[in-house]
Every structure is written in C-alpha cells, then in structure tokens.
Amino acid sequence: MERHVGTWFKEKEPEKKEVAELLIDGNSIEFYSRFHGEVFPTTFIGSDGEYRYKVFVNGSTKPSSNRLLDYTSSHRVFYVLMQNFSFSKGIDISGIVEFSFSIPELIDWIGISTVFYGSTDMDKMAAGEMHLEPIIIHSENPYVELYFESKSFNSSIRGDDRTEIIIKNEPRIKVQYTQEQDIQRVMDDIECIMQFFGLLIGTVSVAQDIRLTIKDQDLKSWLYFNRDFSYNTTIRDVLNRPRTYCYVIAEHLQRYYSNWRKFYFDDSYSLLRRIFFSVNGKKDIFAEDIFVEYMRILDGYHTRISGDEVIKGKIKATLKASTKEIKKLIFTDEGRPLFEDTIQSVIPEWKYTSKHMEDIAGWIAAGFLAKTSLSHRMQELDDQHLQIIRKNAAHIEKLRRDDSIIGAKQDEELIQLYFKELGDTRNYYSHYKLDKTGVLESVQMSDTINVLKATIISIFMSHMDIETDLIRKILEFDSELHFQTMCLREKDDRPFEHPNKVKSK
Numbered sequence: 001m002e003r004h005v006g007t008w009f010k011e012k013e014p015e016k017k018e019v020a021e022l023l024i025d026g027n028s029i030e031f032y033s034r035f036h037g038e039v040f041p042t043t044f045i046g047s048d049g050e051y052r053y054k055v056f057v058n059g060s061t062k063p064s065s066n067r068l069l070d071y072t073s074s075h076r077v078f079y080v081l082m083q084n085f086s087f088s089k090g091i092d093i094s095g096i097v098e099f100s101f102s103i104p105e106l107i108d109w110i111g112i113s114t115v116f117y118g119s120t121d122m123d124k125m126a127a128g129e130m131h132l133e134p135i136i137i138h139s140e141n142p143y144v145e146l147y148f149e150s151k152s153f154n155s156s157i158r159g160d161d162r163t164e165i166i167i168k169n170e171p172r173i174k175v176q177y178t179q180e181q182d183i184q185r186v187m188d189d190i191e192c193i194m195q196f197f198g199l200l201i202g203t204v205s206v207a208q209d210i211r212l213t214i215k216d217q218d219l220k221s222w223l224y225f226n227r228d229f230s231y232n233t234t235i236r237d238v239l240n241r242p243r244t245y246c247y248v249i250a251e252h253l254q255r256y257y258s259n260w261r262k263f264y265f266d267d268s269y270s271l272l273r274r275i276f277f278s279v280n281g282k283k284d285i286f287a288e289d290i291f292v293e294y295m296r297i298l299d300g301y302h303t304r305i306s307g308d309e310v311i312k313g314k315i316k317a318t319l320k321a322s323t324k325e326i327k328k329l330i331f332t333d334e335g336r337p338l339f340e341d342t343i344q345s346v347i348p349e350w351k352y353t354s355k356h357m358e359d360i361a362g363w364i365a366a367g368f369l370a371k372t373s374l375s376h377r378m379q380e381l382d383d384q385h386l387q388i389i390r391k392n393a394a395h396i397e398k399l400r401r402d403d404s405i406i407g408a409k410q411d412e413e414l415i416q417l418y419f420k421e422l423g424d425t426r427n428y429y430s431h432y433k434l435d436k437t438g439v440l441e442s443v444q445m446s447d448t449i450n451v452l453k454a455t456i457i458s459i460f461m462s463h464m465d466i467e468t469d470l471i472r473k474i475l476e477f478d479s480e481l482h483f484q485t486m487c488l489r490e491k492d493d494r495p496f497e498h499p500n501k502v503k504s505k
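Heads up: the sequence shown at position 318 corresponds to 318 in full-length UniProt numbering, and the numbers run straight through without jumps.
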C-alpha cells in the first residue's frame with residue numbers, strides 16, 4: 001500500500017491548504033483530509049515531494065482502519081491522476097488517445113519466460129531480455145495489443161547499479177483510439193479487458209500501472225481507479241494453474257475478444273454480466289446470496305434469448321378483451337357456486353362480486369404468462385450448454401442428510417427433482433418464503449453454486465464464439481471447478497500442458 005501524506009488544496013481554492021493523506025492499494029483508494037463538509041464533486045491537489053497527485057472525489061464514505069490522521073473527513077474517491085507537471089483544470093479527464101496497463105496474471109497465461117540467464121564462454125554470468133513480438137488482441141478501433149516492455153533500466157536506476165542490475169521485461173496491454181476519449185471510456189475498456197482475461201485465465205487481481213497518453217500533452221500521466229476490477233481472487237484454486245494458456249486460443253484470439261466486446265457493450269446483457277463479476281469480486285457474500293444471484297442470471301438470460309418477454313408483451317395487449325369474455329362465462333348462476341364455495345372455504349368474508357369475477361377472469365386469461373416454470377427454463381439452458389447441471393444433479397441429491405427424500409428414486413427422477421429444487425430454493429431465499437419444502441440443504445449448496453457458475457461461464461464463452469468442444473475442454477480440468485466439471489471429460493482428454501512442455505516437444 002502506498003501512503004502519501006502532505007499538504008493539499010482544493011483546485012478551486014489553491015490558497016487554502018490542509019493536511020491530508022492519500023492511500024493507494026492496487027485498485028482501492030482512500031483519501032482523508034481536514035477539508036470537511038464536501039458533498040459535491042471536487043478535486044484536491046497535493047504532492048509527496050516527488051510527484052503531484054490530483055484526487056477526484058464526490059461526497060463522503062465510511063473510513064477504514066487504514067486512516068492515520070485524526071480529525072479528518074473520509075472522501076469517496078473516483079480516481080487519481082499522478083504527474084510531475086501542471087494539471088488541466090476541471091473534474092474530468094478527456095483528450096485520451098492511448099493508454100496502457102499491466103495485469104499480474106498475464107505472465108502465467110502466456111506461460112513463457114521474458115528474460116533469460118546463462119553463462120559466457122568465460123564462465124561468467126550473463127542475463128538479458130527476450131525479444132518477443134506483440135500479440136494483437138483487437139485490430140479495429142480501439143486497437144488492443146499485448147506487448148512486452150523492458151523495465152530493466154527503470155528497475156536498476158533506483159538501486160546501486162555499481163553492484164547490481166535488475167533485468168525486467170513484463171507483458172502489458174496497450175489500447176489506442178482513433179478519436180479522443182474520456183475517462184469513462186478508458187474505465188469501460190479496462191473492465192472489458194479484465195473480464196475477458198478473467199474468464200480465460202480463471203482469475204485477475206488488479207489493473208495496475210495505468211498510463212495515459214493525452215493529446216497535445218508531451219508527458220504521460222498515471223491513473224489510479226477506485227474500482228474493483230478483480231475476478232475470482234478470493235477462490236483457492238485446487239490445481240493452481242490458469243484456466244487456459246495463450247497458445248490454446250491464440251489462433252482465434254482476435255475473434256474471441258471482438259465478440260466478447262460486443263457482448264460487454266450489449267445493454268440487454270449488461271446487468272447479468274455485471275452481477276456475475278460483482279459476485280466474484282473481493283467483497284464477502286453469503287453462499288445463499290451467491291446462489292440466488294446465479295439463478296437470477298440464468299433465469300434472466302433465458303428470458304432474453306427465448307423471446308418470452310416479447311410474447312408476454314403481445315399477450316398482455318390482448319388480455320383485456322379476453323378477460324371480458326371470460327368474465328361473461330363465469331359470472332353466471334352456474335359459475336357462482338363453483339367459485340363462491342371454493343374461495344369462501346379459505347376466505348369466509350369473500351364475496352361473489354363483479355369486481356372479484358373480473359380479477360379471476362384476469363388470472364385465467366393470464367395463465368399463459370406463467371406457464372413456463374423456472375425448472376423448465378433451467379433445463380432448456382442446461383441442454384444448450386454442456387448439461388453440466390444434469391450431469392451433477394443425481395450426485396448432489398445424494399449428498400442430502402435426509403435420505404427419505406431420495407428414497408428408491410432412479411437417477412432420472414433425482415435429476416428432475418434437482419431441477420425442481422433449484423427453483424424452489426431460489427424462491428425460498430429470494431422471496432423469504434415461509435415454506436422450506438423442496439429447499440436444498442446446506443451440504444448441497446457449495447456444489448450447486450459451482451455447477452451454476454460453470455454453466456454461466458460456458459454461456460459467456462459461447463458469446464465469445466469459442467467452439468463448444470473447446471469450452472468443454474477448458475472447463476473439464478478447471479482449477480476451481482473441476483470437481484463439478486470432470487463429468488465433461490472424454491477418453492484420452494488431458495489438461496492443457498504448460499507452454500514450456502509444448503515447446504520442447
């Protein structure tokens with residue numbers, strides 16, 4: 001964690017200075033100052049003696065235990081700009097034509113060494129940097145590439161280069177625009193790229209060392225976001241290896257990213273995608289809440305691809321006419337005993353009135369709108385995406401402590417029971433229902449969550465246009481999910497080998 005303590009001033013009131021501290025820990029930023037009562041967007045400028053920082057804040061937030069200065073207010077930070085020259089005025093950053101950043105997990109995904117060492121003919125140690133060509137990720141606007149940057153000079157100059165030299169050559173992501181962009185576009189593109197590699201690698205931690213190239217500005221600026229770009233960092237991998245390697249998808253990498261980008265910016269799927277990555281961020285969340293969110297994602301996704309919402313909209317438009325006709329049929333002397341006796345047996349004060357008959361007619365007319373159960377929708381989705389739920393259903397049912405529910409049921413009966421219980425469990429936790437009948441037990445929850453997660457990942461990868469069989473191979477030996485996805489394995493299937501082993505063959 002970086003801590004920068006010094007005197008700061010508000011950009012609009014440079015004559016008034018107060019002590020403040022800026023804390024930067026990856027993509028988490030805290031700012032505390034003795035400027036109190038700030039409720040509107042504003043900017044603070046300060047220095048640590050080497051670099052100048054401009055902090056963009058909006059309102060206040062709860063302080064953390066990291067705060068050291070007493071009597072300070074905690075400001076909600078959006079982002080921070082660092083440079084050693086004067087800042088442009090205002091609460092926005094625009095004119096951005098290029099930016100770059102690094103993802104620590106990229107080197108594992110690439111799977112090769114970017115530096116080398118050995119000995120000379122005179123048995124002296126020698127070391128250097130590998131010359132590696134950039135990997136194009138997106139050739140259209142914006143242009144995106146993975147390149148390798150030497151940091152040997154920067155690393156060595158900070159130490160004593162008389163006695164040591166540090167060799168460093170790290171992979172970075174570079175994004176170039178054909179037109180000037182603002183800070184929101186940069187944040188969207190970083191998130192899009194982080195989520196893309198999160199799915200391919202299995203985990204990403206931070207977008208760090210973000211550098212901006214701004215039009216008509218000779219020097220670069222460093223940018224820090226107060227936003228969690230991480231994915232899956234709280235999960236302990238069983239096998240400790242990336243989900244894929246670069247060589248596995250290199251041939252079609254541009255196509256996969258281009259399709260992911262379209263999916264990312266598609267408003268109809270935006271909510272589902274954001275919920276999934278939020279659930280898999282750094283915040284703590286109850287298992288039941290994770291389950292509910294995954295079920296909502298799958299239910300919402302099915303609604304979008306099935307066209308049910310469009311059909312329901314058309315049906316609703318015709319309900320009024322059909323409701324009136326149904327009311328005529330049931331609001332008769334013959335219909336009265338049927339409804340009056342039945343409903344009054346439960347609700348004694350209920351009256352057989354025209355208004356109540358109109359309500360009942362509406363229920364009958366609207367019956368089609370709820371004809372498809374959640375369990376049926378889940379089965380349809382599962383059939384389209386590797387049947388991961390079906391292939392785990394019987395096993396998860398047998399994890400129950402209450403054997404009486406299972407009885408002598410065959411596997412197919414257990415499968416149908418499991419799909420029904422998925423819907424019942426979602427409704428129980430989502431709607432805080434009283435009846436716990438058909439709800440999954442806690443011992444079944446962990447496996448169920450992983451099964452649903454694997455299904456969602458397969459859906460996301462299908463939107464990248466990754467071939468179904470390759471998705472299967474990616475998931476079947478997944479470091480996190482392989483206990484639930486080993487059912488996808490076929491004879492002679494093997495995990496993806498490390499690039500060093502592939503290269504040596």
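Note that the Cβ used here is the ideal one computed from N, Cα and C, for glycine as well.
Work out the CA separation of residue j and residue i for me, nearest whole Å.
i      : j      : result
Tyr245 : Asn58  : 41 angstroms
Phe112 : Ile249 : It is Ile, not Phe, that sits at residue 112 in the sequence shown. Approximately 15 angstroms, taken between the alpha carbons.
Asp189 : His482 : 30 angstroms
Lys351 : Glu340 : 7 angstroms
Lys262 : Pro63  : 38 angstroms
Ser385 : Phe265 : For clarity, residue 385 is His in the given sequence; the question names Ser instead. The alpha-carbon atoms of His385 and Phe265 are separated by roughly 23 angstroms.
Ala127 : Arg76  : 46 angstroms
Ala207 : Ile103 : 5 angstroms
Leu271 : Val346 : 41 angstroms
Phe460 : His252 : 16 angstroms
Asn84  : Glu476 : 50 angstroms
Val204 : Ile29  : 18 angstroms
His431 : Met295 : 13 angstroms
Gly300 : Tyr269 : 9 angstroms
Ile183 : Phe56  : 12 angstroms
Glu140 : Ser94  : 21 angstroms
Asp447 : Leu399 : 10 angstroms
Pro41  : Val19  : 20 angstroms
Glu497 : Glu480 : 17 angstroms
Lys16  : Tyr231 : 41 angstroms
Asp411 : Ile388 : 15 angstroms
Thr120 : Tyr51  : 41 angstroms
Gly49  : Gly6   : 9 angstroms
Met125 : Leu68  : 46 angstroms
Met187 : Phe277 : 15 angstroms
Glu98  : Val175 : 6 angstroms
Tyr177 : His376 : 45 angstroms
Determine the DSSP secondary structure at residue i, reduced to helix, strand or coil.
i      : result
Asn141 : coil
Asn392 : helix
Ala207 : coil
Ser375 : helix
Arg172 : strand
Arg76  : strand
Lys10  : strand
Tyr256 : helix
His4   : strand
Val346 : coil
Met71  : Residue identity check: residue 71 is Tyr in the sequence provided, not Met. Coil.
Would you give the residue range spanned by the alpha helix (DSSP H) that residue i belongs to?
i      : result
Glu18  : Per DSSP, Glu18 belongs to no alpha helix (DSSP H); it is in the beta strand (DSSP E), 13 to 25.
Arg34  : First-last for Arg34: undefined, no H or E at that position.
Thr43  : From DSSP, Thr43 is part of no alpha helix (DSSP H) but of the beta strand (DSSP E) over 41 to 47.
Thr448 : 442 to 463
Glu476 : 468 to 476
His498 : Here His498 belongs to no alpha helix (DSSP H), and DSSP marks it neither H nor E.
Thr485 : 482 to 485
Within a Cβ cutoff of 6 angstroms, which residues of the same chain sit near residue i, ignoring the five residues on either side of it in sequence?
i      : result
Ile449 : Ile290, Phe291
Trp260 : Phe196, Met464
Tyr429 : Glu288, Val292
Phe87  : Lys54
Please work out which residues of its chain come closer than 8 angstroms, Cβ to Cβ, to residue i, disregarding the five sequence neighbours upstream and downstream, and give them in chain order.
i      : result
Trp109 : Phe197, Leu200, Ile201, Pro242, Thr244, Tyr245, Cys246
Apart from the five residues just before and just after residue i, which ones in its own chain have a Cβ nearer than 7 angstroms to its Cβ?
i      : result
Asp228 : Asn27, Gly281, Lys282
Leu132 : Thr114, Phe148
Lys89  : Glu11
Met486 : Glu476
Lys220 : Arg211, Leu212, Thr213
His36  : Ser73
Taking the beta strand (DSSP E) that residue i falls in, what are its first and last residues?
i      : result
Arg52  : 52 to 60
Phe116 : 115 to 119
Met122 : Run containing Met122: none; DSSP gives neither H nor E here.
#### Entry: Inside the segment 180 to 249 only - alpha helix (DSSP H) runs reaching at least 4 residues
183 to 201, 246 to 249
Practice prompt. At 4 residues or longer, and completely inside the segment 279 to 309: list those alpha helix (DSSP H) runs for me, N to C.
Written response: 287 to 306
Complete alpha helix (DSSP H) runs within the segment 386 to 439 (minimum length 4 residues, chain order)
388 to 397, 411 to 431
Residue ranges of each beta strand (DSSP E) within the segment 83 to 110, 3 or longer | 96 to 102
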